[in-house]
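Inspection log for the structure reproduced underneath, given as structure tokens.
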Amino acid sequence: MFSTLVFMGRPDINILDILKSLLFFKQTAMSHMWYMPVIIGIYLFIPFIANALNHTEIRSMYIPLMIAFIYLFVVPVINVYLAANGIENISSLPDLSFSGGVYGFCILLGDLVRRGVFDKIPSYNIMLIGALSYVLTVYTQNYSAIHGVDYTVWYNSATLIIVALSIFILLSRTTFGSGKIAASISVNAFGIFLIHNPINLILMKLISPFSRVFR
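To convert, take the position in the sequence shown, counting from 1, and add 1262; that gives our numbering.
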């Protein structure tokens, strides 16, 4: 009986489904909300991870991170080209979930930036690396489409994470005057996340007749 309660006159919405979604027992229909359980799961353990990292020598992290990078990020990109050429994909068999997987790896990269690991690399080199990685990311997506491979660039793309890291490093080196702009974006970031997809869906309906490039 509880599950059939009508919410605001909408017979297609019931309280039980809403509660399941709020408690993360059920995925919502909004495509961008997959991120919420992911970020909550990460945030629960960030204090413990931060404490461990503060007592960890940076050099001891290089080899594990390199291994994780290959299996988590490089292999998926290689498989796109293998599939496009009719070659059997290779598998990433090591279970790297204890490292936090793709998203945990990004946290660790952020810690390396905080510790100044990339400080000796000139900004123009970072810009060049980021630009080349962006071109490769777009090329990979187009290559997959041309060869009929069902692939959408995701967070496990080696070239995409290099682009993101490059932007993050460059922004960390930028002085934003009084800091009001950066602070405002930071304060409103979660709200921007919540509404960006609904706005995007509305805009897509308005411009859907136009080319994919324009979209």
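Don't be surprised by glycine CBs; every beta carbon is placed ideally from N, CA and C.
Worksheet item: Out of curiosity, what's the CA-to-CA distance linking residue 1382 and residue 1319?
Response: Within the sequence shown, the letter at position 120 stands for residue 1382. Within the sequence shown, the letter at position 57 stands for residue 1319. Answer to the nearest angstrom: the Cα atoms are 18 Å apart.
Item to complete: Please check the pair residue 1385 and residue 1435, which I expect to be a contact at CB under 8 Å, by giving their CB distance rounded to whole angstroms.
Response: As a first step, residue 1385 is located in the sequence shown; it is residue number 123 there, counting from the start. As a first step, residue 1435 is located in the sequence shown; it is residue number 173 there, counting from the start. Rounded, the Cβ-Cβ distance is 6 Å, consistent with contact.
Worksheet item: At a cut of 8 Å, does the stretch 1330-1345 reach the stretch 1399-1419 through at least three beta carbon pairs?
Response: yes
Worksheet item: What's the C-alpha gap between residue 1368 and residue 1430?
Response: As a working note, residue 1368 is residue 106 in the sequence shown. As a working note, residue 1430 is residue 168 in the sequence shown. Straight-line Cα distance between these residues: approximately 11 Å.
Discussion item. Let me confirm a value: residue 1378 is counted as buried when at least 16 other C-beta atoms fall within 10 Å, else exposed. Which label applies?
Written reply: For this step, residue 1378 is matched to residue 116 along the sequence shown. Exposed: under 16 other Cβ atoms inside 10 Å.
Discussion item. Looking at the secondary structure, which residues open and close the alpha helix (DSSP H) in which residue 1385 lies?
Written reply: One-based indexing of the sequence shown puts residue 1385 at position 123. Here the alpha helix (DSSP H) through residue 1385 covers 1385-1408.
Worksheet item: If you scan the stretch 1304-1382 from start to end, which runs of the alpha helix (DSSP H) of 4 or more residues do you find wholly inside it?
Response: 1321-1331, 1337-1346, 1363-1376
Discussion item. Can you look up residue 1291 in the DSSP assignment and give me helix, strand or coil?
Written reply: If you number the sequence shown from 1, residue 1291 lands on position 29. Three-state DSSP puts residue 1291 in coil, outside helix and strand.
Practice prompt. Leaving aside the five residues before and after residue 1356 along the sequence, list all residues of the same chain whose C-beta is less than 6 Å from its C-beta, in chain order.
Written response: Counting from 1 along the sequence shown, the entry for residue 1356 is found at position 94. Contacts found: 1333.
Worksheet item: Rounded to the nearest angstrom, how far is the Cβ of residue 1344 from that of residue 1351, given a contact under 8 Å?
Response: Reading the sequence shown from its first residue, position 82 is the one you call residue 1344. Reading the sequence shown from its first residue, position 89 is the one you call residue 1351. Going by Cβ atoms, the distance from residue 1344 to residue 1351 rounds to 5 Å, so yes, they are a contact pair.
Worksheet item: Going by C-alpha distance, which of 1404, 1460, 1363, 1311 is nearest residue 1291?
Response: By 1-based counting over the sequence shown, the position of residue 1291 is 29. When only C-alpha atoms are compared, the closest one is 1460.
Worksheet item: Using a Cβ-Cβ cut-off of 7 Å (strictly less than) and excluding sequence neighbours within five positions of residue 1282, which residues of its own chain qualify?
Response: Counted from its first residue, the sequence shown places residue 1282 at position 20. 1288.
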